[in-house]
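> First, the structure itself, so that you have it in front of you.
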Amino acid sequence: MATRQRPQRVPVTAFRKSTAERAAIATGRKEAAATVALRTRVRKQRESAVQARYRSLHKAARNKGKKSAAFVPSAIPADVGILVAEGDSWFDYPFYDVLKMLDDAFGYRVESVSHRGDTVESMAYGGGQLDDFVRCLERVKRDGKVPTAVLLSGGGNDFAGPEFGMLLEHKRSSFPGLNATVLDGVIDQRIRTAYVKILSRITGACEQLWPNEPTIPIVVHGYDYPVPDGRGYLGGGWPLPGPWLEPGFREKDYADLPERVVIAATMIDRFNGMLQSVVAMASFRHVTYINLRGTLSTKAKDYRLWWGNELHPTRDGFAAVTRRFVEKLQNSIK
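In the working numbering, the protein residues as written are 7 to 340.
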């Protein structure tokens, strides 16, 4: 008589692993489908933006006469223009930022080496940064295209963060507020020199790759007035980044938020003034400056609608900032 074999038991760990894998496959496919569906809607929005832009160009050209119409493409291209970008978190922020919105909402093709946390000094003096940037330019050139403009964003990480407190005199000192000597050294010397260097690098690379084209425009921007209320990314707290300004103010005994706002505004004005002085240099006639001050509110009743934290806008805030970029690109960059 044959012996009856007992069924083999599946180890609990193997069962759990199999169940987890099936769940991972199911959720992975579900999330992929949702993302593709979202991107499909965004692409349709993008196509509408491109069509609207070129229809407006055709209309403006016709109003100027048939000769002007010859300079507008007869067929609607895939993009409004090509932008190559290098920058910080305003160009590389989770879920939404200036570059994502220029692409999705306004139809620009964007090639970028931007990275959140980058300083202007690292962009100006890092050899790897220049290599990556030139690679972006080369991709555009291989397609037989010329960039509409180069976008550059940077400076905030050079004066905000752990070092910010060094810019401040103690509130109970003889000269409270920003230390004029340190501010001059950081913004008007160190950051300014880095900007001159990086603009020269970008200009030189573009001239080498497109020697027979007009100098490719470069667009830089200042920052808007922040509210140093102690909020970091998603509220802040380790390991999330931020806050960037409040710790320095707290260290130097500035507890009043309106007073902090005024001091931060003075620093932002100084930074914007420095940028304007760089753009005014004879070597940089092809560089355009965007003044973003006043785009986002600092009023106590509504600033949180525009500022997601101390240094970064909300989605609506980034949308407002991006519209300023579009205005400059469409009205000043030809």
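Glycine residues also receive a C-beta, built at the ideal position from the N, C-alpha and C atoms. Computed from a predicted structure; not experimentally measured.
Quick check: W313 and V225, are their CB atoms within less than 9 Å of each other?
Their beta carbons are not under 9 Å apart, which means W313 does not touch V225 by this criterion.
> Grab me the residues of G161's own chain with a C-beta within less than 7 Å of its C-beta, minus the 5 sequence neighbours each way, in chain order.
If we look at G161 and ignore the five residues flanking it on each side, its Cβ neighbours are V126, I197 and F277.
> Tell me, please, whether the region 44-57 touches the region 115-124 by the rule of three or more beta-carbon pairs shorter than 8 Å.
Flag = no, the region 44-57 and the region 115-124 do not touch.
> Can you confirm whether the region 96-116 touches the region 128-145 when touching is taken to mean that 3 or more C-beta pairs between the two stretches lie within less than 8 Å?
No contact exists between the region 128-145 and the region 96-116.
> Leaving out five residues on either side along the sequence, give the residues of the same chain with a beta carbon under 6 Å from the beta carbon of L157.
The residues are L89, A91 and V225.
> Which residue marks the beginning of the alpha helix (DSSP H) containing L143, and which one marks its end?
Segment G133 to R148, the alpha helix (DSSP H) holding L143.
> Using 10 angstroms around the beta-carbon of L143, count the other beta-carbons present and answer buried if the total reaches 16, otherwise exposed.
Under this definition L143 is a buried residue.
> In the structure shown, what three-state DSSP assignment does G183 receive?
Strand.
> Using 10 angstroms around the beta-carbon of V146, count the other beta-carbons present and answer buried if the total reaches 16, otherwise exposed.
Per the 10 Å Cβ criterion, buried.
> In the DSSP assignment, find the unbroken alpha helix (DSSP H) run with L410 in it and report its ends.
The structure shown has nothing for residue 410, since the chain only spans 7 to 340.
> According to DSSP, is S24 helix, strand or coil?
DSSP places S24 in helix when its eight states are reduced to three.
> Quick test of your reading: S120 and S159, contact by CB under 8 Å. State the CB separation rounded to the nearest angstrom.
Contact flag correct, Cβ pair sits at about 7 Å.
> Could you give the residue range of the alpha helix (DSSP H) that holds A325?
R321 to N337 is the span of the alpha helix (DSSP H), which, as asked, contains A325.
> Could you work out which residue in S206, P217, W96 and L173 is closest to L136 when comparing CA atoms only?
Per the Cα distances, S206.
> Which residue's Cα is closest to the Cα of H176: A40, F255 and G241?
Among A40, F255 and G241, the Cα nearest to that of H176 is on F255.
> Helix, strand or coil for S118 per DSSP?
Strand.
> Can we say the region 265-274 touches the region 170-190, given the rule of at least three CB pairs closer than 8 Å?
Yes, since at least three Cβ pairs between the region 265-274 and the region 170-190 fall closer than 8 Å, the two stretches touch.
> Whole angstroms is fine: what's the gap from G191's alpha carbon to Q282's?
About 17 Å.
> State the CB to CB distance for the pair W250 and A166, rounded to an integer number of angstroms; the pair is presumed to be in contact (CB under 8 Å).
That belief holds up - the Cβ atoms of W250 and A166 are roughly 4 Å apart, short of 8 Å.
> So, Y229 versus I274, is the Cβ gap smaller than 9 Å?
For Y229 and I274, yes; Cβs fall inside 9 Å.
> Just to confirm the assignment: which complete alpha helix (DSSP H) runs, minimum length 4, are found wholly within the region 52-98?
For the region 52-98, whole alpha helix (DSSP H) runs of length 4 or above, ordered along the chain, are 72-75.
> Taking only runs of the beta strand (DSSP E) that begin and end inside the region 256-306, which ones reach a length of at least 3 residues, in chain order?
You should have 293-296.
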